[in-house]
Structure formats: structure tokens, C-alpha cells
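Numbering (this note's numbering), first residue to last: 1 to 279.
For every residue, glycine included, the Cβ atom is placed at its ideal position computed from N, Cα and C.
Below you'll find the structure, written out as C-alpha cells, and then a few comments.
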């Protein structure tokens, strides 16, 4: 087996080649590099066709996979080469911007909002190189590595019941909450703008309310009420209406993110007690 990727960000070269080597697959690449707020071929795009043709010439086309990423403009003639390879037995994969797990762009509103890790995950999944984690597992991983990320009660009990068409939304939301927690809520922009850039619906009103009661022993220190939630799917079935309810607080220099619910549209308000050991 052999795989050639056109337009792979150069920061993904090492992990891609390492995974290909682990699987004993031959690999070829046409890399792109970041230049300000966009990516360009390096070496220049004119070399990409030659690199692909040379790689294809030494491999059986029926065991060759070519992935043509859509984040930079292809050089003239690239389509012809891809069509020739496909017509003669090669598997040619052309992801579409924003389709499935593929991000709609490589950089966001700010230079630091880089989507290359999303590309790596989507590419490995496309090639069958990695088993996709369940939606609930994505949230659990964040809580395992971030002390300020608290999954409250049975927040994830119904997460994996969400229809598979909403799994990309759950994945993006899990990654957003992970970053939100790591940065202690300081994203450099409003939560609404950040969610919009990540293609995540956010709302501050709705039929479901959440309540967090900070407890020290049996004493209630404070309570916080909110309707804040992430959402995808309106006017549809319960399982296709994915909802994520969370709260965050910064109290006495202690930041916490509380994940209260992730799953199909809930039918009742959420009221949880949380131990608070600080003053």
C-alpha cells in the first residue's frame, strides 16, 4: 500500500510519516507552509505534479491512494493527473471544505486559531488509520487531563445516543470546551464569535435551565443559574437535536468549567450540587 497527500501542512509531516511507517505503508507528500493567514505550497506548486507523477510511477496504481486536500489552489494540470490515476485503479480522495470532520479552513480569525490538528484527525480517519473515539470519550479525555474541567454527575450518560449526523458537532464542541478551559475562558474574543468561527451554535436562552450550587459540606455557598448551551438541530427528532449545557466560573482566582449535560435534547431542568473546597 502507498499513500500520497497533496497539500499537507508541514507541521503534520512528522506525525503522518511516523504513522505510515508504523503501518509499513509507503508515503509521499506535497507540503504547504503557513504564510501569514494562509498556506502556500513549499516547494512551489509547479513541483507538486512532478512529485506525484514520480511517486505514482514506482507504485502499483491499484494499491495507491491519493488524498488531494482542498486548502490551497492546485496547479494547472493537477486535475488531469488525478483523473488519470483514478481511471486506472488508484483511489483518489478529494475532501470538501467543512464536510464531515474536515475543517472549513486552516486558520481562523486569529493566527493562533490553527485547524491543522483537525486536518490530521480527519485524514487519519479517512485513511482508516485511527478508530474514532465515541462522542462521550472526547469529553472525558479533556476532564482527565484538565483539573479545572469537571464532568458533573450523569452529564455524559446519554451522549452517545445522539444521532451520528451530529457527531462532528459534538467533536467540535468538545475541542472548543477543551480550549476554553485551558485558556480559563480568555479566548481573545467573545464566546459567540469563537463558536461562530468553529461552526458551533450557541444560545443563552431556551426551555432548559441549569443550576449549580457550590457546597461546602452541607452549606450552600452560592448558586449560579444559566440557560447557556451549545446546539445543533432544531425542529427535528430528539436524538438529532444535540445539546451541550455547561457553566463556567472564576471565583476567588479559581476557574472551573462544569459540563452539565451533553446528549439529545433534555426534557428537564438540570440542578447539581458541586463541592467547593476553597473560600
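Using only the alpha-carbon positions, how far apart do residue 111 and residue 217 sit? Because residue 111 sits at a pLDDT of 47, beneath the cut-off of 50, its placement in the model cannot be relied upon, and the following sentence gives the value as read from the coordinates. Distance between the alpha carbons of residue 111 and residue 217 is about 45 Å.
Ignore the nearest five residues each way along the sequence and tell me which others in residue 152's own chain have a CB closer than 6 Å to its CB. 258, 260 and 272
My output table needs one value for residue 5: the three-state DSSP class, helix, strand or coil. strand
Going by DSSP, what residues sit across from residue 264 in a beta bridge? 242
Kindly list the residues whose CB is nearer than 6 Å to the CB of residue 149, restricted to its own chain and excluding five residues on each side of it in sequence; keep chain order. 142, 143, 181 and 257
Helix, strand or coil at residue 220 [DSSP, three-state]: strand
What are the start and end residues of the beta strand (DSSP E) that includes residue 33? 26-35
Going by CA-CA distance only, name the one from 107, 121, 212 and 232 that's closest to residue 36. 107
Based on DSSP bridge pairs, tell me the residues matched to residue 270. 210
Suppose you measure from the CA of residue 196 to the CA of residue 119; what does that come to, to the nearest Å? 19 Å
Stretch-stretch touch, CB-based, cutoff 8 Å, three pairs: the region 226-237 with the region 95-104: no
Do residue 82 and residue 66 have their beta-carbon atoms positioned less than 8 Å apart in this structure? yes
Whole-number beta carbon distance between residue 4 and residue 28, since they are thought to touch under 8 Å: 4 Å
Going by DSSP, name the residue or residues bridged to residue 258. 150 and 247
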